[in-house]
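Everything in the sequence shown is counted per the numbering used here, starting at 517 for the first residue and increasing by one. Glycine is no exception: its CB is placed at the ideal position from the N, C-alpha and C atoms.
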Amino acid sequence: MDDVTPLLAAVDGFADRLRALPQSRLSRGAAAEALALARELAAWTQRIEEPEVTEPREMPEAGMFAVADQVAVAGHDLAEALTARGGKPLPDGVGAAEATALIEAAAQRCGL
């Protein structure tokens, strides 16, 4: 079973840094990058929880000031899905370490 502690730390840290950004930084791409990350994490969760569904539901755009919360929710949902999965096999490329790397890459692209 994956240890989700680093995933939770990464997603909470990224969300906190996003919340501290001024509107100008959010509008210059950080919000779009964060929304893309939240959508990817949500899709991973759906692949774990609903493997029979071929087309995941897309997280809606709730605006640049809500994107940090969307990232946090998507990351925590993924951590919960990974934990609930126990030792059962995961879809290819889906895991706590992979999600943590995805979050760190998004933070770097946002300059955080």
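Pairwise C-alpha distance: residue j and residue i
| i | j | result |
| --- | --- | --- |
| Pro-607 | Glu-574 | 19 Å |
| Leu-618 | Leu-553 | 8 Å |
| Ala-547 | Met-580 | 5 Å |
| Arg-555 | Leu-594 | 11 Å |
| Ala-559 | Gln-539 | 27 Å |
| Asp-532 | Thr-570 | 32 Å |
| Arg-625 | Gly-529 | 15 Å |
| Arg-544 | Gly-609 | 30 Å |
7 Å CB neighbourhood of residue i in its chain, flanking five on each side removed
| i | result |
| --- | --- |
| Ala-578 | Gln-586 |
| Glu-620 | Ala-526 |
| Val-520 | Ala-595, Leu-598, Thr-599, Ala-612 |
8 Å contact criterion, which residue i and residue j should meet: CB distance rounded
| i | j | result |
| --- | --- | --- |
| Ala-550 | Val-583 | 4 Å |
Beta-carbon contacts of residue i that lie in its chain and below 6 Å, excluding the five residues immediately before and after
| i | result |
| --- | --- |
| Leu-511 | Lying before the first or after the last residue shown, residue 511 is absent from the chain, which here runs from 517 to 628. |
| Thr-616 | Pro-522, Leu-523, Ala-526 |
| Glu-565 | Ala-597 |
Own chain residues within Cβ distance below 8 Å of residue i, not counting five before or after
| i | result |
| --- | --- |
| Gln-562 | Val-569, Pro-572, Arg-573 |
Item checked: Length-filtered (4 minimum) alpha helix (DSSP H) runs lying within the region 561-604 -> 583-601
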